[in-house]
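If you read the sequence shown in our numbering, its first letter stands for residue 14, the second for the next number, and so on. The beta carbon of each residue, even a glycine, is placed where N, CA and C say it ideally should be.
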Amino acid sequence: MEIYLDNAATTAPDPEVIEAILPFLTTHYANPSSAHGAGRRVKEAVDNARRTVAHLLNASPEEIYFTAGATEGINLALSGAIQAYELNHVITSRIEHKAVLQTLKRHEKEGDIETSYVKLDERGNVDLYHLENLLRANPRTLIALMHGNNEIGNLTDIHAIGVLARRYNAVFFTDTTQTMGKARFDLQGADIDFLVGSAHKFHGPKGVGFVYINQKHELKPLIYGGGQERGQRGGTENVVGIVGLAKALEVAYRNLETSQTKICKLKQYLVSKLAISGIEGICYNGESKSIENSVANVLNVSFPCLSTGSVVTKLDQLGIQVSGGSACQGGGASHVIQALACEADKENVRFSFSKFNTFEELDHVVDAIVRIYESDPAIATGKAWKRIASWA
Ligand code: PLP
């Protein structure tokens, strides 16, 4: 039995998405830039997709640019803003995705910017007072702070950050890759200059995403070419991906409350099962255990080290797919975990759920973890683990 619990990495395409994209692989394959009827029909599909995304986010279609994923959108927004406004100071955090951190590193290396890292508390939450102090000291700053963290699930108060950005005349980019399709956005009423989405994180195809660029901005293109995406991104559009992205977002928002309620319950169920598993020394990283302060589908758990390998690898051998990093066998924890006050001598495992997961799957997963700990020679001697009566 295969159990997929790595939905923060990518998700299974929704059947409605597959149905929507099939005609664009078979019949409607014309180039949307072609002037003939077949091309015009495909262009209409791209335009409709843009309208759908804009409508769902309460933005205008002119503010949505399709890209090859969130990474490209992040590069476009960050590099574009730094260059267009000659911003020489960026505020970010140590737990952003590498797509943000590496883009900023490049600009730092080239002498374009100086980077300030906002203080985080021990659970990885942004210190808004520190952010305000940094903004006060550095007018005309670019803020790059994510909405939902991909490893620990922490939700950042992007409304509060947007208000600060306006107050101090800063430009605000937020990485919404992990919250797109999971939280509602009203971009007309938000103080957000740029945000991004990646279709494969919300049951759409891989290699396609979008960047929202508030209409008051005009950025230089990242990719020069035939003038597609209103000159922002040259190259024939990924029509199949774009149609799939819009359908995936439509399905996600149509079923948002039902899916999110189910996913919250899955998270709570796994926490409650682990609590009675008898494995001692389990703890939760960041805010991931909190229903209010984290993305519903991410649960990041620290497990005691095994003497015989890694929990992630052993689960994989049993057909259970999760992500993680370990300080146990000399490996390194991720840059996110290292930035937190986590227990360093543990293995951290990210379980990430989707609407397709079931409670029965979680029963299997916890049974598997218990068996893994039971069969570990060091731990079975009672070093870090003991079975409780109800499981005996
Ligand atoms: N930002 C965050 C928070 C992510 O989780 C990811 C993907 O893991 C990305 C950016 C990059 O997305 P993509 O690989 O689809 O470009």
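Exercise. Can you find a heavy atom of the ligand PLP that lies under 7 Å from the Cβ of Gly82?
Worked result: The residue labelled residue 82 in the question sits at position 69 within the sequence shown. Checking the Cβ of Gly82 against the ligand PLP gives yes.
Problem set entry | CB of Leu258 within 8 Å of CB of Ala62, strictly | Position 245 of the sequence shown, counting from 1, holds the residue named residue 258. Position 49 of the sequence shown, counting from 1, holds the residue named residue 62. In this structure, Leu258 lies near Ala62, with their beta-carbon atoms less than 8 Å apart.
Problem set entry | Beta-carbon contacts of Trp398 that lie in its chain and below 6 Å, excluding the five residues immediately before and after | Counting from 1 along the sequence shown, the entry for residue 398 is found at position 385. At Trp398, the pLDDT of 47 sits below 50, so the modelled position is not reliable and the matter cannot be decided from this model.
For this session: Say yes only if the C-beta of Ile31 is nearer than 7 Å to one or more non-hydrogen atoms of the ligand PLP, and no if none qualify.
Result: Here residue 31 is taken as the residue at index 18 of the sequence shown, counted from 1. No, the ligand PLP has no heavy atom inside 7 Å of this Cβ.
Exercise. Is the beta carbon of Phe113 sitting closer than 8 Å to the one on Asp188?
Worked result: Locating residue 113 in the sequence shown gives position 100, where the first residue counts as 1. Locating residue 188 in the sequence shown gives position 175, where the first residue counts as 1. Phe is not the amino acid found at residue 113; the sequence shown has Val there. Yes, the pair counts as a contact, with Cβ atoms nearer than the cut-off.
Exercise. Should Ala48 go down as buried or exposed, given a rule of 16 or more other Cβ atoms within 10 Å for buried?
Worked result: For the purposes of this step, residue 48 is taken as residue 35 along the sequence shown, with counting starting at 1. Its Cβ having fewer than 16 others within 10 Å, Ala48 is exposed.
For this session: Would you list, in sequence order, the uninterrupted alpha helix (DSSP H) runs of no fewer than 4 residues that lie entirely inside the region 14 to 65?
Result: 28 to 39
For this session: Using alpha carbons as the reference points, say which of Ala58, Thr24 and Ala25 lies closest to Thr40.
Result: In the sequence shown, residue 40 corresponds to position 27, counting from 1. The shortest C-alpha separation from Thr40 is found at Ala58.
Exercise. Assuming Ala225 and Phe207 make a contact with CB atoms under 8 Å, what is their CB distance in whole Å?
Worked result: On the sequence shown, position 212 is the one that residue 225 refers to. On the sequence shown, position 194 is the one that residue 207 refers to. It is worth fixing the name first, because residue 225 is Tyr in this sequence and not Ala. Their Cβ separation, rounded to whole angstroms, is 6 Å, which keeps Tyr225 and Phe207 in contact under 8 Å.
Problem set entry | Among Arg64, Phe366, Val66 and Val209, nearest to Ala22 - alpha-carbon criterion | Position 9 of the sequence shown, counted from the start, is the residue given in the question as residue 22. Ranking the options by Cα distance to Ala22, first place goes to Phe366.
Problem set entry | Short Cβ contact (8 Å threshold) for Ala94 with Phe198 | The residue given as residue 94 occupies position 81 in the sequence shown. The residue given as residue 198 occupies position 185 in the sequence shown. No, Cβ-Cβ distance for Ala94 and Phe198 is not below 8 Å.
Exercise. With distances taken between CB atoms, is the gap from Asn313 to Glu164 smaller than 8 Å?
Worked result: For this step, residue 313 is matched to residue 300 along the sequence shown. For this step, residue 164 is matched to residue 151 along the sequence shown. Yes, the pair counts as a contact, with Cβ atoms nearer than the cut-off.
Exercise. Is Val264 helix, strand or coil by DSSP?
Worked result: Taking the first residue of the sequence shown as position 1, residue 264 is located at position 251. It is helical.
For this session: Less than 8 Å between the CB atoms is what I'm expecting for Gly222 and Thr65, so what's the real figure, rounded?
Result: Working through the sequence shown from its first residue, we reach residue 222 at position 209. Working through the sequence shown from its first residue, we reach residue 65 at position 52. Gly222 to Thr65, Cβ: 15 Å. No contact.
For this session: Whole angstroms is fine: what's the gap from Leu353's alpha carbon to Glu360's?
Result: Counting from one through the sequence shown, the residue named residue 353 turns up at place 340. Counting from one through the sequence shown, the residue named residue 360 turns up at place 347. Their Cα atoms are separated by approximately 14 Å.
Problem set entry | Per-residue DSSP class, three states only, for Gly175 | Here the question's residue 175 lines up with position 162 in the sequence shown. Three-state result, Gly175: helix.
Exercise. Leaving out the 5 sequence neighbours to the left and right, which residues in its chain are closer than 6 Å to Glu374 when beta-carbon positions are compared?
Worked result: The residue labelled residue 374 in the question sits at position 361 within the sequence shown. Around Glu374: Ile16.
Exercise. Does the pairing of the region 295 to 307 with the region 318 to 335 give three or more beta-carbon distances under 8 Å?
Worked result: no
Problem set entry | Beta-carbon proximity check, Ser320 vs Pro390, cutoff 8 Å | Indexing the sequence shown from 1 puts residue 320 at position 307. Indexing the sequence shown from 1 puts residue 390 at position 377. A contact, by the Cβ cut-off of 8 Å.
Problem set entry | Complete runs of the alpha helix (DSSP H) confined to the region 91 to 140 [at least 4 residues] | 111 to 122
For this session: Can you have a look at Glu412 and say buried or exposed, based on whether 16 or more other CB atoms are within 10 angstroms of its CB?
Result: The chain is shown from 14 up to 405; residue 412 falls before or after that span and cannot be answered.
Exercise. According to DSSP, is Gly254 helix, strand or coil?
Worked result: Residue mapping note: residue 254 aligns to position 241 of the sequence shown, counting from 1. Gly254: helix per DSSP, three-state reduction.
Problem set entry | Distance between Ala72 and Gln228 (C-alpha atoms, nearest Å) | In the sequence shown, counting from the first residue as 1, residue 228 sits at position 215. In the sequence shown, counting from the first residue as 1, residue 72 sits at position 59. The alpha-carbon atoms of Gln228 and Ala72 are separated by roughly 9 Å.
Problem set entry | Residue(s) in a DSSP beta bridge with Cys296 | As a working note, residue 296 is residue 283 in the sequence shown. Ser315, per the DSSP bridge assignment.
Exercise. Any heavy atom of the ligand PLP closer than 7 Å to the CB of Thr190?
Worked result: Counting from 1 along the sequence shown, the entry for residue 190 is found at position 177. For the ligand PLP, at least one heavy atom lies less than 7 Å from the Cβ of Thr190.
For this session: Please classify Ser106: is it buried, with 16 or more other beta-carbons within 10 angstroms of its beta-carbon, or exposed?
Result: Stepping through the sequence shown from its first residue, residue 106 is reached at position 93. Looking at its Cβ environment, which holds 16 or more other Cβ atoms inside 10 Å, Ser106 is buried.
Exercise. Per the contact definition of three or more C-beta pairs closer than 8 Å, is the region 272 to 285 in contact with the region 80 to 90?
Worked result: Because the criterion of three Cβ pairs below 8 Å is not met, the region 80 to 90 and the region 272 to 285 do not touch.
Problem set entry | Continuous beta strand (DSSP E) assignments of at least 3 residues falling wholly in the region 346 to 382 | 359 to 365
Exercise. Taking the continuous alpha helix (DSSP H) assigned at Val284, which residues delimit it?
Worked result: Mapped onto the sequence shown, residue 284 falls at position 271. Per DSSP, Val284 belongs to the alpha helix (DSSP H) from Leu269 to Ala288.
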